[in-house]
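A.B. asks:
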Amino acid sequence: MSILSIYGCVDSDNLPCDDSTALSKVSEFPLGTAIKWDEFQLDTNYFHIAKTQFSSYTPENIFKSENLHPTRYNYNWEQADSLMSFCLNNSKRLHGHTLIWHKQLPQWIIDFQGNKSEWEEIFRLHIITIVQHFKGKIKSWDVVNEAFDEDGTLSNTLWKEKIGPGYIEKAFRYAEEADPECLLFYNDFNLESNPVKRTAVLNYLDHLRSRGVKVDGIGLQMHIDVITADATLYALAFRSVYEKNYQLHLSELDISLNPSGKNIVLNEELLLQQADIMGKIVNLYKQVPLPYQYGITFWGISDKNSWIRSNYNRMDYPLLYDDQYNPKPAYCKIKSIL
Ligand code: G3I
């Protein structure tokens with residue numbers, strides 16, 4: 017039985033809230049979701065909500081290099097092309113995630129033995145081939161994902177080691193070369209809450225821009241939780257991005273109700289806390305000037321397919337829909353605000 021049947025899910029007028037009207041239809045900016053390919057293909061409830069509620073998709077995994085570029089001379093376009101076609105046929109924006117990341121790499125890259133110029137060639141070909149394949153179809157890419165440490169220094173990743181600290185600039189330049197019209201984003205976590213990291217990223221991207229590199233926007237992932245959420249921090253973070261003329265994408269929003277991994281019992285208090293935080297974030301995002309509102313993307317649809325449960329092996333309830341695909345109070349709250 018859905019927990020909502022106990023607590024009920026009402027909107028701000030205390031009226032029963034349902035999802036018969038799509039979130040994206042009542043929003044002035046794009047509302048998106050991460051798309052898990054298997055669920056999208058096989059789970060009719062998941063598919064229906066994805067199709068009806070959201071106007072923007074971010075592939076959760078199938079556009080990452082381990083899936084898209086499994087061997088050096090072979091790209092696996094099938095699933096990515098199917099999702100791309102669905103988006104084109106159903107007026108969905110597809111935000112590409114992600115060209116360069118140090119995680120979810122195919123084994124051939126991890127094992128590659130080459131000199132600097134051979135590494136640069138595989139790096140360049142990877143980016144150019146993928147961006148050109150989707151040229152004119154994908155509206156935007158997370159060109160580089162999670163390249164900075166919490167202290168604001170450049171992370172010592174495989175790419176920094178093999179290509180050098182200039183790999184971020186090179187990645188953006190190759191992406192622009194492959195599709196000059198595509199919007200190019202840098203994406204990272206904790207930018208909303210760690211001013212040291214955020215300032216380092218902003219300074220670095222400003223430096224790239226001063227060298228003529230095209231950087232259009234920044235993704236603040238927003239993997240937050242009910243214990244540490246702080247709307248004051250988010251207000252500062254959002255402003256610091258758009259004031260520097262970067263489009264602002266809240267790119268992976270979820271709100272963990274169980275960050276410490278305890279055996280919690282989901283209750284009305286936690287659900288309403290989550291709704292309150294979601295509401296504050298949406299209200300803050302509505303104050304972002306329109307040209308910089310790239311949108312809000314939730315990192316999944318239902319709590320039951322959240323990455324948090326599988327990656328941390330803990331019960332959690334971070335998203336807008338519960339395990340039975342019922343809208344939660346957080347859904348109702350943001351719908352009443354949008
Ligand atoms: O595909 C294999 C499958 O064959 C195997 O049976 C199964 C069990 O081992 O694992 C499957 O791979 C999993 C993959 O997701 C696809 O489902 C990996 O184990 C799992 O670690 C991977 O997790 C993804 C995670 O990135 C990897 O770091 C999550 O789904 C995804 O939501 C998460 O997303 C990232 C963003 O891309 C970047 N920002 C952080 C965010 C959360 O980590």
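Using my numbering, you'd call the opening residue of the sequence shown number 17 and step up by one each time.
Note that CB positions come from ideal geometry on N, CA and C, so glycine has one too.
All figures in this text were calculated on a predicted structure; none of them were measured in a lab.
(1) Taking the beta carbon of residue 208 as the centre, do at least 16 other beta carbons fall within 10 Å, making it buried, or is it exposed?
(2) Cβ of residue 113 within 7 Å of any heavy atom in the ligand G3I?
(3) Secondary structure at residue 157, three-state DSSP: helix, strand or coil?
(4) Is residue 278 buried or exposed, if buried means 16 or more other CB atoms sit within 10 Å of its CB?
(5) With distances taken from CA atoms, which of 79, 100, 102 and 287 is nearest residue 91?
(6) Ends of the beta strand (DSSP E) at residue 267?
(7) Taking all protein chains shown into account, decide if residue 42 is buried (16 or more other Cβ within 10 angstroms of its Cβ) or exposed.
(8) Hey, is residue 303 close to the ligand G3I, as in C-beta under 7 Å from one of its heavy atoms?
(9) Does the distance from the C-beta atom of residue 318 to that of residue 337 stay below 8 Å?
(10) Indicate whether residue 109 and residue 46 have their beta-carbon atoms separated by less than 8 Å.
(11) Among the residues of its own chain, which have a CB less than 7 Å from the CB of residue 170, if the five just before and after it don't count?
(12) Would you mind listing the beta strand (DSSP E) stretches within the region 229 to 314 that are 3+ residues and don't spill past its ends, in chain order?
(13) DSSP three-state label for residue 199, please.
(14) Would you tell me roughly how many angstroms separate the C-alpha atoms of residue 298 and residue 286, rounded to the nearest one?
(15) How about residue 117 and residue 161: are their beta carbons less than 8 Å apart?
(16) So for residue 101, helix, strand or coil by DSSP?
(17) Rounded to the nearest angstrom, what separates residue 346 and residue 129 at their Cα positions?
(18) Can you find the residues in the same chain that come closer than 7 Å, C-beta to C-beta, to residue 230, ignoring five residues on each side of it along the sequence?
(19) So which of 350, 315, 349 and 340 has the shortest CA-CA distance to residue 48?
(20) Name the DSSP bridge partner or partners of residue 90?
(21) Does DSSP put residue 21 in a helix, in a strand, or in coil?
(22) For residue 253, which residues of its own chain have a beta-carbon under 7 Å away from its beta-carbon, when the five flanking residues on both sides are left out?
(23) Determine the DSSP secondary structure at residue 164, reduced to helix, strand or coil.
(24) May I ask which residues mark the beginning and end of the beta strand (DSSP E) holding residue 184?
(25) How is residue 204 classed by DSSP in three states: helix, strand or coil?
(26) For the ligand G3I, is there any heavy atom lying closer than 7 Å to the beta carbon of residue 327?
C.D. replies: Taking the coordinates as given:
(1) Buried is the call here.
(2) yes
(3) strand
(4) exposed
(5) 79
(6) 263 to 272
(7) exposed
(8) no
(9) It is a contact, given that the beta carbons lie within the stated cut-off.
(10) yes
(11) 163, 164, 176 and 181
(12) 233 to 236, 239 to 241, 263 to 272 and 309 to 314
(13) strand
(14) 18 Å
(15) Yes; because the gap between Cβ atoms is below 8 Å, this pair is in contact.
(16) helix
(17) 49 Å
(18) 188, 192 and 200
(19) 315
(20) 87
(21) In this predicted model, residue 21 has a pLDDT of only 47, less than 50, meaning its place in the structure is not dependable; the value taken from the coordinates is given anyway. Looking at residue 21 - three-state DSSP - the assignment turns out to be helix.
(22) 207, 208, 214 and 236
(23) strand
(24) From DSSP, residue 184 is part of no beta strand (DSSP E) but of the alpha helix (DSSP H) over 183 to 194.
(25) strand
(26) Shortest gap from the CB of residue 327 to any heavy atom of the ligand G3I: under 7 Å.
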